[in-house]
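Structure, as structure tokens:
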Amino acid sequence: MSGWEYGRDSDYLAHKSTQARISCFTGSERGTSSQCPCCGHRKKPRGRTWVCRRCGFRGHRDLVGSINMHQDVFGIHLKCPRSFTYRRASPAQNQES
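Numbering (this note's numbering), first residue to last: 6 to 102.
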């Protein structure tokens, strides 16, 4: 795995964090986008928007996963944002001046 791009990136991150005296660790993201970050209700995500049937929370699937990972790693419950803007990178447009 160390020959893969991911392996090199994680090795580089570990090296740089050690130099800066910052603890670095990896974790599994498995199941993080299938649990509501507000009430804990579990459901299989479908599509990009995650909607909780129990409490009504609505958010982008990646947002749900990141909130849940933060809670798992740091043990701190984050407030769920009421709104968010998801921006997708797009190719640069050639504009004539």
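Don't be surprised by glycine CBs; every beta carbon is placed ideally from N, CA and C. Quick caveat: nothing in here was measured; it's all calculated off a predicted structure.
Cβ-based burial, residue i [other Cβ within 10 Å; buried from 16]
| i | result |
| --- | --- |
| F62 | buried |
| I72 | buried |
| S22 | exposed |
| T90 | exposed |
| V69 | buried |
| Q24 | exposed |
Helix, strand or coil at residue i according to DSSP, with G and I counted as helix
| i | result |
| --- | --- |
| H82 | coil |
| R66 | helix |
| R93 | coil |
| R13 | helix |
| T54 | strand |
C-alpha gap between residue i and residue j, whole angstroms
| i | j | result |
| --- | --- | --- |
| G32 | G45 | 20 Å |
| C29 | S95 | 31 Å |
| S38 | G52 | 11 Å |
| R82 | C60 | Correcting the residue type first, residue 82 is His in the shown sequence and not Arg. Those two C-alpha atoms are separated by around 16 Å. |
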